[in-house]
Amino acid sequence: MKRAIKILSILISGIFFGQVTIGKTVPSNQSANATVSIEFGNETGGTKGVVLPWVTSATDVTTPVPGTLIFDSADQKVKYGTAITANATTITGWTDLSSGAYSPIVANIPDNNLENTTAKALIGGDPSTDGTSGILVLGDTDKAMILPRVNAYTDIVNPSAGMLVYVTGTTPHQLAFFNGREWSFWTK
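Sequential numbering from 12 applies to the sequence shown in the working numbering.
Set out below in structure tokens:
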């Protein structure tokens, strides 16, 4: 009976205090950060990034919402969906996050495999009411995502087109995007 109560307690606490971590090898002695939906990797020293979804063209993305990140294989660019008005539910345009970068010598083309266009992973939302399209949807309205952190973008051997990392070994810290040929940086 005691064992059943312990297991039930663990399962219930996971529902109320859920936080997803991927690739984190250093255990934390602190309780989970209540403001984070998903965390990739350790605090520093990583050598991996997140590869954004490849699309044949930004115009082919159905019902994108503000904040959507993609790798547009038509022009080999990392793009971010933006809206003009606050609290908009659809985007009004795409911002090029790899602006100024040379295009790859050999274009990165997505494979021709069929995909399930309704597939998605929803973290922190209600699947019965959330209609947001996307591969990975963070449904929390009050939580953030912690990107993979690296000391230097050069620590990543053979990065893939569409890769995104947060570089901590620079001043100021910056986001780095790889288009298949070179890195672009977004610094505040």
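Beta carbons are placed, not taken as given, at the ideal position from N, Cα and C, and that holds for glycine.
Sorted by chain position, which residues of the same chain lie with C-beta nearer than 6 Å to F189's C-beta, five sequence neighbours on each side aside?
Against the sequence shown, residue 189 aligns to sequence position 178. Excluding residues within five positions, the ones whose Cβ falls inside 6 Å are P170 and M174.
Judging by CA-CA distance, which residue of S68, P75, A163 and R160 is the nearest neighbour of A85?
Against the sequence shown, residue 85 aligns to sequence position 74. Per the Cα distances, S68.
Is S122 helix, strand or coil when you go by DSSP?
Residue numbering aside, residue 122 sits at position 111 when the sequence shown is read from its first letter. Per the sequence shown, the amino acid found at residue 122 is Asp instead of Ser. Coil.
In three-state DSSP terms, what is D86?
The residue given as residue 86 occupies position 75 in the sequence shown. Three-state result, D86: coil.
Neighbourhood of V198 by C-beta distance below 7 Å, restricted to the same chain and skipping five residues each side:
The count along the sequence shown starts at 1 and reaches residue 198 at position 187. First, the residue type needs correcting, since residue 198 is Thr and not Val in the sequence shown. When the five nearest sequence neighbours on each side are left out, the beta carbons in the same chain lying within less than 7 Å of the beta carbon of T198 are those of P183 and Q185, in order along the chain.
For I134, which option in D122, L147 and T140 has the closest C-alpha, if you only look at C-alpha atoms?
Within the sequence shown, residue 134 is the residue found at index 123, counting from 1. Ranking D122, L147 and T140 by Cα distance to I134 puts L147 first.
So, with DSSP's three-state summary, where would you put D141?
As a position in the sequence shown, residue 141 is number 130, starting the count at 1. Coil, per DSSP.
Residue span of the beta strand (DSSP E) that contains Y113, given as start and end:
Position 102 of the sequence shown, counting from 1, holds the residue named residue 113. Neither: Y113 is in no beta strand (DSSP E) and is coded neither H nor E.
Distance, P159 Cα to K88 Cα
Taking the sequence shown and counting its residues from 1, one reaches residue 88 at position 77. Taking the sequence shown and counting its residues from 1, one reaches residue 159 at position 148. For K88 and P159, the distance between alpha carbons rounds to 20 Å.
Under 8 Å, do I81 and V62 count as touching if we go by C-beta distance?
Stepping through the sequence shown from its first residue, residue 81 is reached at position 70. Stepping through the sequence shown from its first residue, residue 62 is reached at position 51. Against a cut-off of 8 Å, the Cβ pair of V62 and I81 comes out as no contact.
Please return the same chain residues whose Cβ sits closer than 7 Å to the Cβ of G104, not counting the five positions on each side in sequence.
Against the sequence shown, residue 104 aligns to sequence position 93. Counting only residues of its own chain and dropping the five nearest sequence neighbours on each side, G104 has a CB closer than 7 Å to the CB of T93.
Which same chain residues end up closer than 7 Å to G56 when comparing Cβ atoms and leaving out the 5 residues on each side of it in sequence?
One-based indexing of the sequence shown puts residue 56 at position 45. So the qualifying residues of the chain are N162.
Return yes when the Cβ of V76 is within less than 8 Å of the Cβ of T100, no when it is not.
Residue mapping note: residue 100 aligns to position 89 of the sequence shown, counting from 1. Residue mapping note: residue 76 aligns to position 65 of the sequence shown, counting from 1. For T100 and V76, yes; Cβs fall inside 8 Å.
Using only CA atoms, which one of A172, G180 and I33 lies nearest to I116?
By 1-based counting over the sequence shown, the position of residue 116 is 105. Considering only alpha carbons, the answer is A172.
Find the nearest neighbour of P121 within the set A187, F51, Y177 and P64, judged by alpha-carbon distance.
Sequence index remark: in the sequence shown, residue 121 carries index 110 (1-based). The residue with the shortest Cα to Cα distance from P121 is P64.
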